[in-house]
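Here is the structure we will look at.
2 protein chains.
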Amino acid sequence: MSVLIVGSTALDSIKTPQAENPRLLGGSASHAAIAASFFSPVKLVGVVGEDFPKPYIKLYQKHRIDLSGLQIQQGKTFHWSGEYEVNMNNRRTLATELGVIEHFSPTLPDAHKSTPYVLLANIAPALQHHVLDQMWKPKFVIVDTMDLWLNIALDDLLRLLKRVDALVLNDSEAHQLTKSDNTLEAARLIHKMGPRHVIIKKGEHGSILSNKDGLFVCPAYPLKKVVDPTGAGDSFVGALMGYLASTRGNPEKNLRRAMVHGSVVASFCCEGFGVKRTTRVVKRDIQKRVRELEALARF
Amino acid sequence: MSVLIVGSTALDSIKTPQAENPRLLGGSASHAAIAASFFSPVKLVGVVGEDFPKPYIKLYQKHRIDLSGLQIQQGKTFHWSGEYEVNMNNRRTLATELGVIEHFSPTLPDAHKSTPYVLLANIAPALQHHVLDQMWKPKFVIVDTMDLWLNIALDDLLRLLKRVDALVLNDSEAHQLTKSDNTLEAARLIHKMGPRHVIIKKGEHGSILSNKDGLFVCPAYPLKKVVDPTGAGDSFVGALMGYLASTRGNPEKNLRRAMVHGSVVASFCCEGFGVKRTTRVVKRDIQKRVRELEALARF
């Protein structure tokens, strides 16, 4: 089945101690859509400016991403630039130019409205609501978010949490949202806010799923070298949703394996700048790493 | 089979944001010996002063720990006092009084010298060498260490690494030892220093085993509340070694499950001050948490 993904579509200028890469294809929806495309057909909903490079459109198309929900507007594409410290765990934003995303209103083509799987990738909660308002009985809805929305749009986000099946967020965001620095307690408090499934990402330490079946501890795929972690979380949730949409029966039964596939695609994302490594991956590469994760979690 | 454990035997005064507990039974050998005792007969090698409380001797005996290698000397027992911050991840040492441990020389009773499993729990590397010098063809030797020895006794430690089967250390120590902040790279560099098995502890994020079979990612048992993490690492390696000694055949084949048992006993350790919670555990409690870890790692 197909996946609808709304989120940011951006140009990222990324500086690491090793290199500088201007105007890469970035944004939560770009990373998530490419990651999901390995498993299921993807419909991308977003906005770019007239300056958006043609090769990036071609890249989406190479991944057979449906672009009928991608608006191309007069003005500039959202541009983010950031810098990573030596250990790649801390990053700081150097500049943010909102461009056309500032007044983005995601209006869905009619054909999109009955998409069964909906991923509300990281973007303003008001826009995530707006997309959900247009959907017709989706089968499974996941929302991703970031610290910015916890700071400036918490009410919108809290209302959204009552409308979704799963929330994905990282550990520091979970602690910010719940005021608890214990992962179990944070998950318990988030369940009370609405989502039946809570997925807390812990970067190189993997991720945790909490739902009525208890906990699942999902390992991260261990990497010898991290080139650029930008978009790893978006790739994780994109691949997770793409995998879920490719399975039959109750999606809740397949969440664990979906997270493992998310872990693997996120690991590829970290091995190159922007989506450079991810777009060179083939299904076989993913399956190989999934088998490796199986082997290293077995006891 | 039985396990010989050498390490520190101490009185710990521990302050947390919630409580203050003076002169608890502590030290690496105490935690490790009690943890190992759930699985195998334990021979403790250490030193205490005349002030060492009788009830603590009784506690060792309750766990059927062979105390013929425990020296009771004129003077005071090693005393450590420390304080934890709110999140329980950072601690600072308030005072260290070495007492009788300053001139400790671990001379083994003859009956100890052929113990097949040897755990060199955290203590000065020179003393760990001294114990190993007296052993007769041990089957499996694990060494644990701490940042202090990396700072003041690195040469002794490096020589020791050529004499042991496994090194256990935490992630910050691994990075200090290898100058690499990548876990895989750190493990690779430590293998070159000697140990066939490298176990890197990551606290609440679990632990990693690296050996010729590849990697094993061992989950931590998730806790709702951490009361006092002092001794969790010692409990981990003690239970690991105790479990290993209880298995048949090649110990290398049983290392993964040994680590899982280590994880579980360490989780009990964190739920009480000193060894208070651990000493109330029965085998059934451990087996229950091992089954829970199996369930939450399955995908």
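The listed protein sequences derive, respectively, from chains Z and D.
Quick note on numbering: the first sequence equals residues 4 to 302 in the working numbering.
Quick note on numbering: the second sequence equals residues 4 to 302 in the working numbering.
Glycine residues also receive a C-beta, built at the ideal position from the N, C-alpha and C atoms.
**Request:** Evaluate the contact criterion for the stretch 138 to 152 of chain D versus the stretch 88 to 100 of chain D: three or more CB pairs, one atom per stretch, below 8 Å.
**Result:** With a cut-off of 8 Å, the stretch 88 to 100 of chain D and the stretch 138 to 152 of chain D do not count as touching, because too few Cβ pairs lie within range.
**Request:** Would you kindly report the start and end of the unbroken beta strand (DSSP E) that includes GLU86/D?
**Result:** Where GLU86/D is concerned, the enclosing beta strand (DSSP E) stretches over 81 to 87.
**Three-state class that DSSP yields for GLU207/D in the structure shown** = In the structure shown, GLU207/D sits in a helix (DSSP, three-state: H, G or I).
**Request:** Compare the C-beta of LEU187/D with all C-beta atoms of chain Z and state if any pair is closer than 7 Å.
**Result:** Residue-level contact by beta carbon holds for LEU187/D and chain Z, with a gap shorter than 7 Å.
**Asked** Which whole-angstrom value is the C-beta distance of THR110/Z and LEU7/Z, which I expect to be below 8 Å?
**Response** Between LEU7/Z and THR110/Z the Cβ distance is about 13 Å, and since that is not below 8 Å, they are no contact.
**Prompt:** How many angstroms separate the CA atom of THR63/D from the CA atom of HIS34/D?
**Reply:** Note that residue 63/D corresponds to Tyr in the displayed sequence, not to Thr. The straight-line gap from Cα to Cα measures roughly 10 Å.
**Item:** Rounded separation between SER238/Z and ALA13/Z - CA only
**Value:** A straight-line Cα-Cα distance of about 15 Å links SER238/Z and ALA13/Z.
**Request:** Check the Cβ-Cβ distances between LEU218/D and every residue of chain Z, and say whether any is below 7 Å.
**Result:** Output row for LEU218/D: interface = yes.
**Request:** Could you check what DSSP says for LYS182/Z in three-state terms: helix, strand or coil?
**Result:** DSSP places LYS182/Z in coil when its eight states are reduced to three.
**Prompt:** Does PHE302/D come within less than 7 Å of chain Z when only Cβ atoms are used?
**Reply:** PHE302/D counts as touching chain Z.
**Request:** Would you mind listing the alpha helix (DSSP H) stretches within the stretch 88 to 162 of chain D that are 4+ residues and don't spill past its ends, in chain order?
**Result:** Listed in chain order, they are 128 to 137, 150 to 155.
**Straight-line gap, LEU247/Z to TYR120/Z (C-alpha atoms, nearest Å)** = Straight-line spacing of the CA atoms in LEU247/Z and TYR120/Z works out to 8 Å.
**Prompt:** If the cut is a Cβ gap below 7 Å, which residues of chain Z does LYS227/D touch?
**Reply:** Near LYS227/D (Cβ distances below 7 Å), the residues of chain Z are ASN185, LEU187, GLU188.
**Prompt:** Can you tell me whether HIS264/Z is buried or exposed, with buried defined as 16 or more other CB within 10 angstroms of its CB?
**Reply:** Classification of HIS264/Z: buried, given that the 10 Å Cβ count is 16 or more.
**Selected residue, minimal CA-CA separation from VAL293/Z, among LYS227/Z, ASP231/Z, PRO222/Z, GLY241/Z** = If we check each option's Cα against that of VAL293/Z, PRO222/Z comes out closest.
**Item:** Under 8 Å from the C-beta of LYS205/D: neighbouring residues of chain Z
**Value:** Near LYS205/D (Cβ distances below 8 Å), the residues of chain Z are HIS208.
**Item:** Residue range of the beta strand (DSSP E) that includes SER16/Z
**Value:** Following the DSSP letters along the chain, one finds SER16/Z inside the beta strand (DSSP E) bounded by residues 13 to 18.
**Prompt:** Given that a residue counts as buried once 16 or more other Cβ atoms are within 10 Å of its Cβ, and exposed if not, what is TRP152/Z?
**Reply:** The residue in question, TRP152/Z, is buried, as its Cβ has 16 or more Cβ neighbours within 10 Å.
**Message:** Taking the straight line between their C-alpha atoms, what separation do you get for GLY252/D and CYS272/D?
**Reply:** Looking at the two C-alpha atoms, the distance is approximately 29 Å.
**Item:** Residue burial classification, GLN21/D (beta-carbon count within 10 angstroms, cutoff 16)
**Value:** GLN21/D comes out exposed.
**Message:** Measuring straight from C-alpha to C-alpha, what distance separates GLU255/Z and ASP136/Z?
**Reply:** In a straight line, the C-alpha of GLU255/Z is about 23 Å away from that of ASP136/Z.
**Asked** Taking the alpha helix (DSSP H) that ASP288/D falls in, what are its first and last residues?
**Response** Looking at the DSSP string, the run of the alpha helix (DSSP H) that includes ASP288/D is 286 to 300.
**Item:** Nearest neighbour of GLU100/Z, chosen from HIS82/Z, ALA298/Z, PRO112/Z [CA to CA]
**Value:** Answer by Cα proximity: HIS82/Z.
**Request:** Scan the stretch 44 to 57 of chain D for residues whose Cβ lies nearer than 7 Å to a Cβ of chain Z and list them as they occur along the chain.
**Result:** In summary, no residue of the stretch 44 to 57 of chain D has a CB separated from any CB of chain Z by less than 7 Å.
**Item:** Distance, MET196/D Cα to ASN125/D Cα
**Value:** Taking the CA atoms as reference points, ASN125/D sits about 19 Å from MET196/D.
**Message:** 7 Å is my cut-off, CB to CB: does PRO254/Z come that close to chain D?
**Reply:** No, its Cβ sits nowhere closer than 7 Å to a Cβ of chain D.
**Nearest neighbour of VAL220/Z, chosen from LYS205/Z, VAL230/Z, GLY234/Z [CA to CA]** = Selected option, being the one with the closest Cα: LYS205/Z.
**Request:** Measure from the alpha carbon of GLU86/D to the alpha carbon of each residue in ASP54/D, ASN24/D, ARG162/D, then state which is nearest.
**Result:** By alpha-carbon distance to GLU86/D, the top candidate from ASP54/D, ASN24/D, ARG162/D is ASN24/D.
**Item:** Residue-chain proximity (ASN90/D, chain Z), Cβ-Cβ < 7 Å
**Value:** Nearest CB-CB separation between ASN90/D and chain Z: below the 7 Å threshold.
**Cβ-Cβ separation, PHE41/D to VAL278/D (assumed contact under 8 Å), whole Å** = The beta-carbon separation of VAL278/D and PHE41/D, rounded to 12 Å, does not stay under the 8 Å limit for a contact.
**Asked** Unbroken alpha helix (DSSP H) runs of length 4 or more, entirely within the stretch 220 to 246 of chain D: which are they?
**Response** Runs of the alpha helix (DSSP H) lying entirely within the stretch 220 to 246 of chain D and spanning at least 4 residues: none are present.
**Asked** For ALA298/D, which residues in chain Z fall below 7 Å Cβ to Cβ?
**Response** Near ALA298/D (Cβ distances below 7 Å), the residues of chain Z are GLY217.
**Message:** Can you pull out the residues from the stretch 258 to 269 of chain D whose beta carbon lies closer than 8 Å to at least one beta carbon of chain Z?
**Reply:** Residues are counted here when their Cβ sits less than 8 Å from a Cβ of chain Z; for the stretch 258 to 269 of chain D these are ARG259, ARG260, MET262, VAL263, given in chain order.
**Request:** Output the distance between the C-alpha atoms of ALA261/Z and LEU243/Z, rounded to the nearest integer angstrom.
**Result:** Taking the straight line from one Cα to the other gives about 5 Å.
**Message:** Quick check: ASN185/D and HIS200/D, are their CB atoms within less than 7 Å of each other?
**Reply:** Going by beta carbons, ASN185/D and HIS200/D fall outside the 7 Å limit.
**Message:** Strictly below 9 Å CB to CB, what residues from chain Z border PRO222/D?
**Reply:** What PRO222/D touches in chain Z: GLY209, VAL220, PRO222, ALA300.
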